[in-house]
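For the sequence shown, the working numbering begins at 430 and goes up steadily by one.
Report on one structure; see the data block that follows.
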Amino acid sequence: MRSLIIPVVLLGLPLAEIAGFVIVGRALGIPLTLLLVLLSAVAGVALLRIKGVGVLRRVQEAARTGIDPGLDVIGGALTFIAAVLLIIPGFLTDIVGLLLLLPPARRLLAEALRTRLTILTTDTGFYYPSRRRNEQSQGPVIDLDEDEFSRNEKDENGPPSNRNSR
430 MRSLIIPVVL LGLPLAEIAG FVIVGRALGI PLTLLLVLLS AVAGVALLRI KGVGVLRRVQ
490 EAARTGIDPG LDVIGGALTF IAAVLLIIPG FLTDIVGLLL LLPPARRLLA EALRTRLTIL
550 TTDTGFYYPS RRRNEQSQGP VIDLDEDEFS RNEKDENGPP SNRNSR
């Protein structure tokens, strides 16, 4: 039975969208129907730009502070799917996309998906709350006393005055 779902959706959805175009086109006229399809696509692109960056920022912040970003990931994925459904021409996909934008529907679907999905996160074990991003990428700092460090005259990484005198 599950193997029949995908072919039925792949064949049935375009036919249902064409029927929706015919019904809306008869009721509103062709120019207004095309305008609605164009406006929904523009709204989907705008939603991707606005919400996509915000979701990415929240997930990064949650990962940086060590909080589980699971609901943000699922909510962001559902918002992404809603935006893509708005971009796809058709009224049925627009209705489903608009339903996914409603917080109660998205929360209900997110909870249903959360019970079926496993979101894995990794912990590097290193956390530098006081350092800036560019300092973290340089690696750990080793603090040496004067008696633990010596420099040869042939050392290539000497002070700038020694490098220029060669």
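C-beta: ideal position from N, C-alpha, C; glycine also.
If you're wondering where the values come from, they're calculated on a predicted model, not measured in any experiment.
Close-in-space but distant-in-sequence residues of the same chain around residue i (CB under 6 Å, 5 per side omitted)
{"i": "L477", "result": "A512"}
{"i": "V525", "result": "L514"}
For residue j and residue i, the rounded distance between their alpha carbons
{"i": "Y557", "j": "Q489", "result": "Caution applies to Y557, whose pLDDT of 46 falls short of 50 and renders its modelled position unreliable; the model cannot decide the point."}
{"i": "L527", "j": "E446", "result": "16 Å"}
{"i": "R455", "j": "L464", "result": "14 Å"}
{"i": "P518", "j": "G441", "result": "15 Å"}
{"i": "R431", "j": "L439", "result": "14 Å"}
{"i": "A394", "j": "P532", "result": "Coverage of the chain is limited to positions 430 through 595, which leaves residue 394 absent and any answer about it impossible."}
{"i": "L459", "j": "I452", "result": "In the sequence as displayed, the identity of residue 459 is Ile instead of Leu. Near 11 Å, if we compare the C-alpha coordinates of I452 and I459."}
{"i": "R487", "j": "D523", "result": "26 Å"}
{"i": "R535", "j": "V484", "result": "14 Å"}
{"i": "S579", "j": "I571", "result": "14 Å"}
{"i": "V437", "j": "T494", "result": "44 Å"}
{"i": "D576", "j": "I496", "result": "43 Å"}
Sequence-distant residues of its chain with Cβ nearer than 7 Å to residue i (five each side left out)
{"i": "I510", "result": "L529"}
{"i": "V474", "result": "I516"}
{"i": "T462", "result": "F450, V453, G454"}
Spatial neighbours of residue i in its chain, beta-carbon cut-off 8 Å, leaving aside the 5 residues before and after
{"i": "T544", "result": "none"}
{"i": "G481", "result": "G505, T508, F509, A512"}
{"i": "D574", "result": "none"}
Distance between beta carbons of residue j and residue i, contact taken as under 8 Å
{"i": "L507", "j": "A539", "result": "6 Å"}
For the stretch 495-504 against the stretch 465-474, do three or more pairs of beta-carbon atoms, one drawn from each stretch, fall closer than 8 Å, so that the two count as touching? With fewer than three CB-CB distances shorter than 8 Å, the stretch 495-504 does not count as touching the stretch 465-474.
Complete runs of the alpha helix (DSSP H) confined to the stretch 444-498 [at least 4 residues]: Within the stretch 444-498, the complete alpha helix (DSSP H) runs of at least 4 residues fall at 459-494.
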